[in-house]
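Note sheet for the following structure.
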Amino acid sequence: MLHKLYLLIWFTALAVFVACSVDDADDEIIMPGNNSRSNSSSSESEALADSELTYNYSALALYYIYANEELDSIGAYKNKGEKNGYSPNEYEFPDVSYMFDQMKDDYTSYWSPYYMYAIYSWLTEAEAYVGIGAEAKAFGDTLVVSQVYPKSPSEKAGLLVGDTILSIDGSIPKTQEGFVKLIAGNEGDVLEMLVKRDEVNTIRITVSEFLMPSVFLDYEDSIPVVRISEFKDVTVSDSGSYGEWMNILDQIKEEKSVIVDLRGNGGGSIDQCLNMASEFLSEKDTLIIQVEAHGDENFEYQTIDTIQTYAATDGIAKGKYVVFLADGNSASCSEAMMAAVASNIKSPIVGGTSYGKGIGQTYFETPAGGIARTTSIQIFDKDFKSYHKVGFVPDFEITDANKALNKAVELAKEATFKRTAGYGTKNTGHFANALMKSGTTTKNAAPQKADIQSGAYRFHLK
């Protein structure tokens, strides 16, 4: 686990994020015309709008790291939303949406209350799927179970990794594509799978909903490959992605090397990824340094602190040789993990230059139940170097996914190469231009799931 050393003053949380039920949240986005507050009196609506603007203005003034350069007086935003094209039919609080769109940072945004449940779900919970929760690999014409997801229908039915699949509902799959087609079904369907273990067994699996894991273990030429798809607070483990990670590290505790595959991982909870990174390091090793904006003790002025995050104890995987796989979609928390591990133990990186997102966001629930997001954190490695906008340059640039994996296996077997590449020198292009300001409907209209799920984010609880 990690600890934080605040070099200036201790951080005091202002924001409150209410724990709430998010069942089926993706399907419950209420559009403006359906908002129950539309029946409120004019005076009540005006009071709520004033409260929403005041709170969000304070959140920006205290937590937006660029507030001193970009934030005007509150009068510059009051009664300006509709005049600048923010129709109440699309925006419940036009002044608030207008104000946030004047901030140049792409990741500083506001969404009205009818998006709250969906956004909270997208941020904190792993994906829910309907299926059986298992994968198989083909060896010639033989299919062998390679993954059985925790708490999935397959695990509950007794399917095991290593089972040879003989048939599914009487059909014989010979390829991974054939396996995927045969296990597809509707919720409640029962699949009869014939497998060979020590003897032939019949396993009946009911297709049903399950949480997809965020951390996966596989082997390539006897080397463990741990793929992290995202960093989540709520997964099949009570401890989120970190709990899954610890379970896998326990399974590979005798292995000398490990490949950590972060390709396509756009980020998630920064506390999850830093806790996971710390398991490779020694006590007191610095993981990252954060420059973080927040309010003073009386919440009157913005204070900028420099915060050193370090490993509280020796990690259970300390001493392992680590190779990272990354690509252009490895972003934010993925990069924070690489910064923490590679800058301490010089772990090599194979693949492509990473995304280059060295900033983090704070999420707030607002008085009206909306969601505010401010960029409040800048992230640096232990040597106070930044990869923001430029990303991690791989030690071995290999665009072909299979060839990149083969190179990672080669390095893991030799276990001698130390990282020599650094950060990029050119803007990756993701932060080349700020979003348009006045009149835009891009930043604060309907939230995009991919945008919400990417990034190093944190909820501050009172």
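Here the sequence shown is numbered in the numbering used here, starting from -16 and rising by one per residue. The beta carbon of each residue, even a glycine, is placed where N, CA and C say it ideally should be. Quantities reported herein were computed from a predicted structural model and do not represent experimental measurements.
Non-local C-beta neighbours of I206 in its own chain, meaning closer than 7 Å and more than five positions away in sequence, comprise S240, I242, V392, A395, K396, ordered along the chain. In this structure, F363 is the residue among H277, F363, G412 with its C-alpha nearest to the C-alpha of L270. Between the C-alpha atoms of I354 and E75 there is a straight-line separation of about 12 Å. Here A404 is near D378, since their CB atoms are less than 8 Å apart. Our two residues, S222 and E138, have alpha carbons roughly 20 Å apart in a direct line.
The alpha-carbon separation between N281 and M195 amounts to approximately 43 Å.
For the alpha helix (DSSP H) assignment, the uninterrupted runs of no fewer than 4 residues enclosed by the segment 59 to 130 are, from N- to C-terminal side, 77 to 84, 99 to 107. If you draw a straight line from the Cα of F375 to the Cα of R187, it comes to about 46 Å. By alpha-carbon distance to K340, the top candidate from Q285, Y90, A59 is Y90. Under the DSSP assignment, T189 falls in the beta strand (DSSP E) whose first and last residues are 183 to 189.
Comparing C-alpha distances from G412 to each of V373, Y406, E380, A439 shows the shortest one belongs to V373. Straight across, the Cα-Cα distance linking S25 with P77 is about 15 Å. Here K303 is buried. Its C-beta has 16 or more other C-beta atoms within 10 Å. For V198, the enclosing beta strand (DSSP E) stretches over residues 198 to 203.
By alpha-carbon distance to K386, the top candidate from D366, G343, A300, A309 is A309. Under DSSP, the beta-bridge partners assigned to V333 are L308, F379. Distance from the CA of P350 to the CA of L43, rounded to the nearest whole angstrom, comes to 15 Å. Here D204 has V392 as same chain residues with Cβ atoms under 7 Å from its own Cβ, once five neighbours each way along the sequence are excluded.
One Cα belongs to L36, the other to N51, and the distance between them is close to 18 Å.
T158 carries a coil assignment under DSSP once its states are collapsed to helix, strand and coil. In the same chain as T357, and ignoring 5 residues on each side of it, the C-beta atoms closer than 7 Å to its own belong to A42, L43, Y46, Y47, T91, Q344, T345, in chain order. Residue pairing by DSSP places D288 opposite E275 in a beta bridge. As the crow flies, the alpha-carbon of W94 is around 16 Å from that of S437. G407 and A325 have their C-alpha atoms roughly 15 Å apart.
For E170, there is no enclosing beta strand (DSSP E), as DSSP marks it with neither H nor E. G438 has G250 as its beta-bridge partners, per DSSP. Note on geometry: alpha-carbon atoms of I272 and G226 lie some 24 Å from one another. Judged by DSSP secondary structure, L149 falls outside any alpha helix (DSSP H) and instead within the beta strand (DSSP E) spanning 147 to 151.
Looking at the DSSP output, F414 shares a beta bridge with no other residue.
Here D244 is bridged, per DSSP, to R210, L308. Between H277 and T289 the beta-carbon gap is near 12 Å, outside 8 Å, which marks them as no contact. In the three-state reduction of the DSSP assignment, T37 falls in the helix class. Within the segment 347 to 376, the runs of beta strand (DSSP E) at least 3 residues long that lie entirely inside it are, in chain order, 354 to 363. Looking at the DSSP output, K179 shares a beta bridge with T147, V183. Residues R210 of the same chain have their beta carbon placed closer than 6 Å to that of F199, with the five preceding and five following residues left out of the count.
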